[in-house]
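Quick note, the sequence shown lines up with residues -6 to 197 if you use this note's numbering.
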Amino acid sequence: MSIFRALMEKPWMVEGVIDDVYGVDHKSLPTAKFGLRVFLVVATVVFSLIVVTYFERMLVPDWRALQIPLVLWPNTALLILSSIALQWARVSADRGRLDGVKSGLLLGGVFAFAFLVGQLLAWRQLIDLGYFVATNPANAFFYLITALHGLHLLGGLVAWARTSAKVRRGVALDRLRLSVELCAIYWHFLLVIWLILFGLLWFT
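Encoded structure:
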């Protein structure tokens, strides 16, 4: 009945704080975590639109599938290892293990950088084979998809670098826990997105 009564009430007629009226605890979710969730929703919409457009563009007769570089397989493994390392750092932070946080962050960053280098190597291989952006719509989509994902990963590395800097400055683990958690969540998101995109490129 309390929910029904709350729905029937006019907020502008009720005295008190609106959060108290509807039982909302505005402190229950950190601002940074809420901001990350909003960003992930927006990024998901963007990548979803690209996937839909990709399938629609494939139906046009001028579409010619390009040869997917084999280096994308080890690149995918590197991103998986990076996500695992960040999860290790997250679990270590929750358990109060600073050494695990340091090792997880270090490995996660190294694997992520290696993934980006591998993506650039894939571009170089395609260019050497004559797969230029303007040659074919499939080529353009490959460069667009990998570039957009790479830019998101670069943005994540900025947050990773800031978190790693806090660790080097000796910031208390309690103050690091949220930053490490957000990095891990973002890395898991990028991994899932990449697996979808890689499957899209490979099997189509």
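Note that beta-carbon positions come from the ideal geometry of N, C-alpha and C, so glycine has one too.
Because the structure is a prediction, the values reported are computed rather than measured.
CB of residue i within 8 angstroms of CB of residue j, strictly
{"i": "residue 82", "j": "residue 97", "result": "yes"}
{"i": "residue 147", "j": "residue 59", "result": "no"}
{"i": "residue 43", "j": "residue 138", "result": "yes"}
{"i": "residue 111", "j": "residue 79", "result": "no"}
{"i": "residue 86", "j": "residue 151", "result": "no"}
Coarse secondary structure for residue i, derived from DSSP in three states
{"i": "residue 186", "result": "helix"}
{"i": "residue 121", "result": "helix"}
{"i": "residue 58", "result": "coil"}
{"i": "residue 90", "result": "coil"}
{"i": "residue 162", "result": "coil"}
{"i": "residue 53", "result": "coil"}
{"i": "residue 146", "result": "helix"}
{"i": "residue 129", "result": "coil"}
{"i": "residue 64", "result": "coil"}
{"i": "residue 197", "result": "coil"}
Buried versus exposed call for residue i [16 or more other C-beta atoms within 10 Å across all chains shown]
{"i": "residue 153", "result": "buried"}
{"i": "residue 123", "result": "exposed"}
{"i": "residue 49", "result": "exposed"}
{"i": "residue 177", "result": "buried"}
{"i": "residue 63", "result": "exposed"}
{"i": "residue 76", "result": "buried"}
{"i": "residue 195", "result": "exposed"}
{"i": "residue 165", "result": "exposed"}
{"i": "residue 140", "result": "exposed"}
{"i": "residue 27", "result": "exposed"}
{"i": "residue -5", "result": "Low local confidence applies: a pLDDT of 44 at residue -5 is under 50, so the model's placement there is unreliable, with the coordinate-based value given in what follows. So residue -5 ends up on the exposed side."}
{"i": "residue 16", "result": "Low local confidence applies: a pLDDT of 42 at residue 16 is under 50, so the model's placement there is unreliable, with the coordinate-based value given in what follows. With fewer than 16 Cβ atoms within 10 Å of its Cβ, residue 16 is classed as exposed."}
{"i": "residue 102", "result": "buried"}
{"i": "residue 40", "result": "buried"}
Residue nearest to residue i in terms of C-alpha spacing, selected from the options
{"i": "residue 188", "options": "67, 29 and 24", "result": "67"}
{"i": "residue 193", "options": "113, 78 and 51", "result": "51"}
{"i": "residue 91", "options": "159, 175, 195 and 35", "result": "159"}
{"i": "residue 161", "options": "125, 45, 94 and 185", "result": "94"}
{"i": "residue 134", "options": "47, 29 and 101", "result": "47"}
{"i": "residue 100", "options": "180, 185 and 167", "result": "180"}
{"i": "residue 84", "options": "186, 127 and 167", "result": "167"}
{"i": "residue 185", "options": "197, 142, 163 and 171", "result": "142"}
{"i": "residue 53", "options": "129, 163 and 136", "result": "129"}
{"i": "residue 197", "options": "31, 29, 61 and 30", "result": "61"}
Assumed close pair residue i, residue j - CB separation to whole angstroms, cut-off 8 angstroms
{"i": "residue 169", "j": "residue 156", "result": "7 angstroms"}
{"i": "residue 149", "j": "residue 183", "result": "6 angstroms"}
{"i": "residue 65", "j": "residue 191", "result": "6 angstroms"}
{"i": "residue 131", "j": "residue 56", "result": "6 angstroms"}
{"i": "residue 25", "j": "residue 175", "result": "6 angstroms"}
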